[in-house]
Amino acid sequence: MRIAVVTTTRADYGILKPLIKALEKADWAQLQLLVTGSHLLESQGSTQHEIEADGVPVAVKVPIFSESDTSALHAAQAFGRAAEQIAPVLDRLKPDALVVLGDRFETLAIAAAAALLHIPIVHLHGGEQTFGALDNRFRHAISQLADWHLTATARARETLIRMGLPMQRVFHVGALGVWNVLNQPRLSREALQAQSPIALKAPLFLITFHPETDTGQTPQAQVEALIKALEAFPQSSQIITYANVDEGGEAINALWQAYAARHPDRVWLTPSLGQQRYHSLMAIADAVIGNSSSGILEAPSFGVRTVNIGARQAGRERAATVVDVPAESGVIIAAIDRVLTQGKVDSAQNPYACADTLGKILKIIREKVAP
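Numbering (full-length UniProt numbering), first residue to last: 1 to 371.
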């Protein structure tokens, strides 16, 4: 059984990695890994090298983005390139199924190409809502193209069924990212410190902010408010990862670069941390700050509180450890103070957690998708 898996970003590869490795080892599957999107950009950390370092065989690399261009026009053109360049790859590989995750516009283009080639599509993380990003529309469009649906929450499954998708093809399996948190070995604080250019002292903040692409908000103003708030915590250690390649991401990264240059003693700015290091830092963090989905999906399983800023994740289910605030410096400062005062929790009810997520996904692919 030939199973193609597409990865377009550092985020989806980190989530998909245990599934990719399991498919590589399975005697019933032949893995075909397609690497594209921001993985191939130096400005995003050339995260293709993280895949190579993991020893995972790559079937093909397909560049679709240009360096340092996060304009809306470039995104629209990259959408076309993704379909045009990956369609012949899929036609040549002839997978029995294609696994895609999430809500990226380039993933939608690839899914459309696969649908036209009559390749069954397995979609992870459908049925969720994020009203502050165009990703919300892309996610639902991918769901309509997909043949099999593996949702992260029970509510997401219900949403897909209400959208008219056949219930016998929609399965609640939990979030693979949460499975990673619970099962992946972590680096020790000493090992993390050895890799860090700053002292990892408390309070330690893990920060990521991506553009809001469907609210009309300018990312520059939002990040400037966040930076003003972070300036109020001069004794903190701040680890910041780059914004993605959505429209406005380049402007956000420029602001972070200037901020990090002003505070080299307390700010560690990096394009990518890699999943193991990212989760290991999350485990020792005092707060996750920004608008990354990892603060919603994964941080609660560490008992770490999240200050979620703005509307990018609006509508997504969340644990009680998540504090939602607008992109206003005074409100962000108050929320960080509150989170630090409350401290971590021993356990948080995470709506994305589910027993044996990886095993369920593998079982469905083997027994139902392409038997």
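The beta-carbon is built from N, C-alpha and C at its ideal position, and this holds for glycine as well.
Remember, predicted model here, so these are calculated numbers, not experimental data.
Query	Result
Run of the beta strand (DSSP E) containing Lys-61, from where it starts to where it stops	60 to 62
Reduced DSSP secondary structure (H/G/I, E/B, other) of Gly-132	coil
Candidates Ala-251, His-210, Ala-111 and Ala-199, of which the one nearest Ala-311 by Cα	His-210
Through-space distance from Ala-258 to Gln-222, alpha-carbon basis	15 Å
Beta carbon of Val-122 nearer than 8 Å to that of Ala-83	no
Length of the line joining the Cα atoms of Ile-227 and Ser-329	8 Å
Beta-bridge pairing of Gly-290 - partner residues as DSSP gives them	Thr-208 and Asn-308
Three-pair Cβ contact test at 8 Å for the segment 268 to 286 versus the segment 313 to 324	no
DSSP three-state assignment for Trp-28, whether helix, strand or coil	coil
Candidates Trp-179, Gln-275 and Thr-215, of which the one nearest Leu-192 by Cα	Gln-275
DSSP state of Ser-46 mapped onto helix, strand, coil	coil
Where the alpha helix (DSSP H) containing Asp-337 begins and where it ends	329 to 342
Straight-line Cα distance separating Ala-225 from Gln-77	31 Å
Meets three-Cβ-pair contact criterion under 8 Å: the segment 230 to 239 and the segment 192 to 202	yes
Cα-Cα separation between Ala-11 and Arg-338, rounded to whole angstroms	28 Å
When Ala-175, Ile-119, Trp-268 and Arg-366 are compared against Asp-356, the one with the closest alpha-carbon	Ala-175
Classification of Lys-368 by the beta-carbon crowding that lies within 10 angstroms, buried from 16 upward	exposed
Beta-ladder partner(s) of Val-5, from DSSP	Leu-33 and Val-99
Any chain C beta carbon closer than 8 Å to Gln-184	Considering every chain present, this structure includes no chain C. It has just one protein chain.
3-residue-minimum beta strand (DSSP E) runs that sit fully inside the segment 135 to 209, ordered along the chain	148 to 151, 170 to 172 and 204 to 208
Close beta carbons around Gly-249, own chain, < 8 Å, minus the five adjacent residues each side	Thr-70, His-210, Pro-211, Pro-219, Tyr-242 and Ala-243
Residue(s) in a DSSP beta bridge with Leu-124	Leu-101 and Leu-150
CB of Ala-152 within 8 Å of CB of His-125, strictly	yes
Exposure label - Gly-132; buried when at least 16 CB within 10 Å	buried
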